[in-house]
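Residues in the sequence shown are numbered from 401 upward in steps of one, following the working numbering. Ideal placement from N, C-alpha and C gives every residue a C-beta, glycine not left out.
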Amino acid sequence: NAHQPYRAIGAPKDLFIKDKFYNAAQRIRVNPHPLPLPITKDHPYAFEILRPDLGGVHPTAVLKENPNEFAYYVARQDASIYGLDMMAGQLLQEVRRMGLLQNTIVVVVGDHGEGLGDHNYFFGHGRFPYQACAHVPLIIRPPGGIDSIHVNTTIGIFGLAPTLLEMVGIDAPKEMEAKSFLPIAYGKARGDYVFMESGYQLDFTLSVWDGKWKLIHVPNKIDRSLMTGSEYELYNLQDDPHELNNLYASEPHIANKLRKVLGDWSQPWVDTAYSAAGITGIKVDQETIEQLRSLGYLK
401 NAHQPYRAIG APKDLFIKDK FYNAAQRIRV NPHPLPLPIT KDHPYAFEIL RPDLGGVHPT
461 AVLKENPNEF AYYVARQDAS IYGLDMMAGQ LLQEVRRMGL LQNTIVVVVG DHGEGLGDHN
521 YFFGHGRFPY QACAHVPLII RPPGGIDSIH VNTTIGIFGL APTLLEMVGI DAPKEMEAKS
581 FLPIAYGKAR GDYVFMESGY QLDFTLSVWD GKWKLIHVPN KIDRSLMTGS EYELYNLQDD
641 PHELNNLYAS EPHIANKLRK VLGDWSQPWV DTAYSAAGIT GIKVDQETIE QLRSLGYLK
């Protein structure tokens, strides 16, 4: 996979080292210690919050061959993505060889992006709600294929399951909150608001965007100290795709509208999410624990 430490499985790991885009002069530091934040040791998510992924390389992500070359990490991640591409191609070739491709839905989707320095966040994901980690690819090929359709609207992959069910003629269970975005893909409906959670269970941020405007609510003071310092951030993604200019104070009409939308969406469950943080006794098998540890989610 394309997670750090970017092992580039399925591709030569040095495939993009020293290519024409490689800038060996850009240096980056290795962060040996946790972030200097006022977190107590008994905080249930202390490790996740304190992990030193801001301003430098987290110790678990260090590539020892060139630990201080920023471009080296990016090139290795590119090789990891290339390796994924190659293996996906091998899978599709085998499905075609077996005569199954004409009766198969193929979906290529990302579960997250990767922080490559945007907002001082390096080689991680999940901490922040910014587009570098939130904006992911989505390609769907129906059985037999169709002429290419590019849908220029914002949707959430939350709706992928009901979309696939609709494509195969199965009604989505009533418990599914998300709606199929198949009508949007065929131009029969318009995109709606997209919502997102990021951060950690006791210290999370909530976001809503409509394709142009994105509002971020940062309820936790520690998270604010890592971001802009503001409880709310508002960005015009068309003019400011890197989310550098917070327009919350200068666009009150849009901000208030999106605050209401975000509040209406989150209020039914947000209090429950906080109260559920103390739940104990959940058993996780050893294989799952090792998988989570390999991805850096556990110590």
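- The Cβ-Cβ distance between Gly559 and Ala578 falls below 7 Å.
- A Cβ-Cβ contact shorter than 7 Å links Phe416 with Ala479.
- For Lys612 and Lys574, the gap between their C-alpha atoms comes out near 31 Å.
- Between Ala561 and Met627, the alpha-carbon positions lie close to 33 Å from each other.
- Under the three-state reduction of DSSP output, Glu566 falls in the helix class.
- Looking from the CA of Trp609, the closest CA among Leu564, Gly544, Ser625 and Ala534 belongs to Ala534.
- For Met487, the closest alpha carbon among the candidates Asn503, Val508, Val474 and Pro459 is that of Val508.
- By the Cβ criterion, the region 492–505 is not in contact with the region 420–429, since fewer than three pairs of Cβ atoms, one from each stretch, lie closer than 8 Å.
- Between the C-alpha atoms of Gln490 and Asn656 there is a straight-line separation of about 49 Å.
- For Arg541, the uninterrupted beta strand (DSSP E) run begins and ends at Leu538 to Arg541, by DSSP.
- If one requires a minimum length of 4 residues, the alpha helix (DSSP H) runs lying completely within the region 427–479 are 446–450, in chain order.
- Counting along the chain, no alpha helix (DSSP H) covers Asp603; the unbroken beta strand (DSSP E) around it starts and ends at Asp603 to Trp609.
- Between Val670 and the set Tyr586, Glu597 and Ala589, the nearest pair of CA atoms involves Glu597.
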